[in-house]
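*Asks:* Okay, handing you the structure first.
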Amino acid sequence: DLCKPLNCKKKELCLLEDAYTAVCVSKKELHKNKEEIITKSKYFDEEEAKRKAEAEAAAAAAAAAAATGLGGAVGSGVAGAADTGSMTLMAASGDSSTGSNANDGTSSGLEHEEREDDESSSQDDDVFYDSEKEEDCKPCPVVKPTYLCGSDNWTYSSLCRLEYHNCIHTTEVKVNCMGFCPCK
1 DLCKPLNCKK KELCLLEDAY TAVCVSKKEL HKNKEEIITK SKYFDEEEAK
51 RKAEAEAAAA AAAAAAATGL GGAVGSGVAG AADTGSMTLM AASGDSSTGS
101 NANDGTSSGL EHEEREDDES SSQDDDVFYD SEKEEDCKPC PVVKPTYLCG
151 SDNWTYSSLC RLEYHNCIHT TEVKVNCMGF CPCK
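Mapping of the sequence shown onto the UniProt record's numbering: residues 1 to 184, in sequence order.
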């Protein structure tokens with residue numbers, strides 16, 4: 001539905017970044033950057049599997065807490081699952097012209113959580129502690145610019161640059177329109 005007003009070129013695909021944002025992306029650039037394209041059906045299947053796994057983990061933790069509580073000891077079972085923070089592109093329905101399933105190189109929130117657990121508490125006082133986030137961000141290749149206007153009213157030279165900006169600054173800037181800001 002979001003792709004209809006975009007009128008992408010023949011060599012471009014309309015992809016959904018999230019529930020509210022659709023962009024035209026060059027097929028060539030997608031293959032070159034080895035971006036992972038997730039169809040709607042695959043996305044919904046993954047979400048359902050994730051929900052089932054979270055429910056099973058919560059049930060197992062509750063059972064373990066109940067068993068510990070019956071044994072006379074005070075039990076505190078905490079169940080929680082990290083939401084993935086990787087940004088993947090979801091292919092618009094009806095388009096099956098690409099089959100790239102390569103990893104897009106972004107790290108999930110679970111991996112980040114594990115990394116935080118491994119670090120010593122002395123790093124909490126480190127002035128440069130937040131600089132680790134910048135190391136996790138994937139830099140953009142040099143390509144011909146396709147200008148995009150972000151929701152922050154700044155012009156970005158590519159979707160990759162916008163995502164890189166979001167990664168470094170932990171923001172949620174979305175694409176408002178194709179071309180330079182301000183949108184017409």
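Using N, Cα and C, we set each Cβ at its ideal position, and we do this for glycine too.
These numbers were taken from a predicted model, which means no experiment stands behind them.
From the DSSP secondary-structure annotation, give me the bridge partner or partners of residue 150.
*Replies:* DSSP, once it has assigned bridges, lists 175 as partnering residue 150.
*Asks:* Give me whichever residues DSSP pairs with residue 155 in a beta bridge.
*Replies:* DSSP lists 149 as partners of residue 155.
*Asks:* Using the C-alpha atoms, what's the distance from residue 166 back to residue 136?
*Replies:* In a straight line, the C-alpha of residue 136 is about 12 Å away from that of residue 166.
*Asks:* Inspect the beta-carbon positions of residue 158 and residue 145 and report whether they are closer than 8 Å.
*Replies:* In contact: residue 158 and residue 145 (Cβ atoms closer than 8 Å).
*Asks:* Give the DSSP-derived three-state secondary structure of residue 5 in the structure shown.
*Replies:* DSSP places residue 5 in helix when its eight states are reduced to three.
*Asks:* What would DSSP say about residue 164, mapped onto helix, strand or coil?
*Replies:* Three-state DSSP puts residue 164 in a helix.
*Asks:* With DSSP as the reference, label residue 68 as helix, strand or coil.
*Replies:* Helix at residue 68.
*Asks:* Is any heavy atom of the ligand SAM found at a distance shorter than 7 Å from the C-beta of residue 67?
*Replies:* With respect to the ligand SAM, the structure offers nothing, as it holds no ligand at all.
*Asks:* Three-state secondary structure (DSSP) at residue 180?
*Replies:* In the structure shown, residue 180 sits in coil (DSSP, three-state: anything other than H, G, I, E or B).
*Asks:* According to DSSP, simplified to helix, strand and coil, what is residue 56?
*Replies:* Residue 56: helix per DSSP, three-state reduction.
*Asks:* Compute the distance between the beta-carbons of residue 150 and residue 174, then report whether it is under 8 Å.
*Replies:* Cβ atoms of residue 150 and residue 174: closer than 8 Å.
*Asks:* By how many angstroms is the C-alpha of residue 24 removed from the C-alpha of residue 50?
*Replies:* In a straight line, the C-alpha of residue 50 is about 29 Å away from that of residue 24.
*Asks:* Taking a contact to mean a Cβ-Cβ separation below 8 Å, would you say residue 155 touches residue 164 in this structure?
*Replies:* It is not a contact, given that the beta carbons lie outside the stated cut-off.
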